[in-house]
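Q: Take the position in the sequence shown, starting the count at 1, then add 1019; the result is the number in the working numbering. For each residue, glycine too, the CB sits at the ideal point set by N, CA and C. Below you'll find the structure I mean.
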Amino acid sequence: MIELFLSAFVTLFVVIDPPGCAPIYASLTSGATPGHRRAMAIRAVGIAAAILLVFALWGKQLLGVLGIQLDSFRIAGGIMLFIIAMDMVFEKRTQRREDRAQKISSEEPHVEDVSVFPMAMPMIAGPGSIATVMLLMARAEGLSERMVVLAAVAVTLVLMLASLLAAGPLMAMLGKKIEAVITRLLGVLLAALAAQFVIDGLKASFAVLRNGGLTP
């Protein structure tokens, strides 16, 4: 159970990226009062939690309605996470987030509430995190393992809330260079986890891979 929790937590932490969202939130709420910033942070994490919970509990049924096999979703989700990992390694993901935040700030100079967009979605509960939650729940066997995955989601979101609440001091403490190093290291780790998702999907989809080779 501990290994499952650690695996789920690390994957979610890397994908959702609380330290990476902190500077974006700080820039979007620079003109707000401390109380307003705190309320928006709580609201953003709460909305994101509700979105992720819906897909965690009923994502498999949604795939069934759409006629999508779970193994196909594993492969597609793994590829998606691998792309995110490459963006993290080459710092493209951070740049896109900063550009998005700058665009929103320039278009709406007096933004009053950024809790729903862009914070809750797509920055916290985006395609990558939704796919990750569904993949982790699909791999969990039994109620106890599913509860462990949900606990990992909860811990990650609590850390996200803490990062948003302490966005200013956190960025001053870490600095740009340290943040870049951490992001790249986490990107490499996410790439390995994404590859494992793809391998699991391929093994389940093709008997030839499951048996370890071609049969005469």
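(1) How far does the alpha helix (DSSP H) with T1151 in it extend, from its first residue to its last?
(2) Sorted by chain position, which residues of the same chain lie with C-beta nearer than 8 Å to L1180's C-beta, five sequence neighbours on each side aside?
(3) Give the secondary structure of I1021 by DSSP, where H, G and I count as helix, E and B as strand, and everything else as coil.
(4) Can you tell me which of the three DSSP states F1225 falls into?
(5) How many angstroms separate the CA atom of Q1080 from the CA atom of M1192?
(6) Using a threshold of 7 Å, state whether the C-beta atoms of G1269 and I1043 are closer than that.
(7) Just the Cα atoms here: how many angstroms apart are E1022 and G1161?
(8) Going by DSSP, what residue range makes up the alpha helix (DSSP H) through V1084?
(9) What whole-angstrom Cβ distance do F1216 and G1096 have, given they're in contact under 8 Å?
(10) So the candidates are L1085, T1052 and L1183; which of them puts its Cα closest to the Cα of A1041?
(11) Considering only residues of the same chain and omitting the five flanking positions on each side of R1165, which have a CB-CB separation below 7 Å?
(12) Would you give the residue range spanned by the alpha helix (DSSP H) that I1098 belongs to?
(13) According to the neighbour-count rule (16 or more other Cβ atoms, all chains shown, within 10 Å of its Cβ), is T1030 buried or exposed?
(14) Does D1314 come out as helix, strand or coil in the three-state DSSP assignment?
(15) Measure the beta-carbon distance from V1033 to L1205 and round it to whole angstroms, keeping in mind my assumption that it falls under 8 Å.
(16) So what's V1207 in DSSP terms, helix, strand or just coil?
(17) Thinking C-alpha only, which one of L1178, D1036 and V1200 is nearest L1100?
(18) CB-CB under 7 Å to V1108, same chain, minus the five flanking residues each way: which ones, in chain order?
(19) I need the DSSP call for G1050, collapsed to helix, strand or coil.
A: With the structure as the only source:
(1) The residue labelled residue 1151 in the question sits at position 132 within the sequence shown. Judged by DSSP secondary structure, T1151 falls within the alpha helix (DSSP H) whose first and last residues are P1146 to R1158.
(2) On the sequence shown, residue 1180 is found 161 positions in, with the first residue counted as 1. Spatial neighbours of L1180 in its own chain (CB-CB distance under 8 Å, excluding positions within 5 residues in sequence) are listed in chain order as A1060, I1061 and V1064.
(3) Along the sequence shown, read from residue 1 onward, the residue named residue 1021 stands at position 2. Three-state DSSP puts I1021 in a helix.
(4) Start at 1 with the first residue of the sequence shown, and residue 1225 comes out as number 206. Looking at F1225 - three-state DSSP - the assignment turns out to be coil, as it is neither helix nor strand.
(5) Taking the first residue of the sequence shown as position 1, residue 1080 is located at position 61. Taking the first residue of the sequence shown as position 1, residue 1192 is located at position 173. Between Q1080 and M1192, the C-alpha separation is close to 44 Å.
(6) Since the first residue of the chain shown is 1020 and the last is 1235, residue 1269 is not available in this structure.
(7) By 1-based counting over the sequence shown, the position of residue 1022 is 3. By 1-based counting over the sequence shown, the position of residue 1161 is 142. One C-alpha to the other measures close to 16 Å.
(8) Against the sequence shown, residue 1084 aligns to sequence position 65. For V1084, the uninterrupted alpha helix (DSSP H) run begins and ends at P1053 to L1085, by DSSP.
(9) The residue labelled residue 1216 in the question sits at position 197 within the sequence shown. The residue labelled residue 1096 in the question sits at position 77 within the sequence shown. Their Cβ separation, rounded to whole angstroms, is 6 Å, which keeps F1216 and G1096 in contact under 8 Å.
(10) Residue numbering aside, residue 1041 sits at position 22 when the sequence shown is read from its first letter. Among L1085, T1052 and L1183, the Cα nearest to that of A1041 belongs to L1183.
(11) Here residue 1165 refers to the residue found at position 146 when the sequence shown is read from its first residue. Closer than 7 Å at Cβ, skipping near neighbours: M1156 and A1159.
(12) As a working note, residue 1098 is residue 79 in the sequence shown. L1089 to V1108 is the extent of the alpha helix (DSSP H) around I1098.
(13) In the sequence shown, counting from the first residue as 1, residue 1030 sits at position 11. That one is buried.
(14) With the chain covering only 1020 through 1235, there is no way to say anything about residue 1314.
(15) Taking the first residue of the sequence shown as position 1, residue 1033 is located at position 14. Taking the first residue of the sequence shown as position 1, residue 1205 is located at position 186. Between L1205 and V1033 the Cβ distance is about 5 Å, and since that is below 8 Å, they are a contact.
(16) Numbered from its first residue, the sequence shown carries residue 1207 at position 188. Helix, per DSSP.
(17) By one-based count along the sequence shown, residue 1100 stands at place 81. Out of L1178, D1036 and V1200, D1036 has the C-alpha closest to the C-alpha of L1100.
(18) Stepping through the sequence shown from its first residue, residue 1108 is reached at position 89. Counting only residues of its own chain and dropping the five nearest sequence neighbours on each side, V1108 has a CB closer than 7 Å to the CB of R1203, G1206 and V1207.
(19) Taking the sequence shown and counting its residues from 1, one reaches residue 1050 at position 31. G1050 sits in coil when the DSSP states are folded into three classes, being neither helix nor strand.
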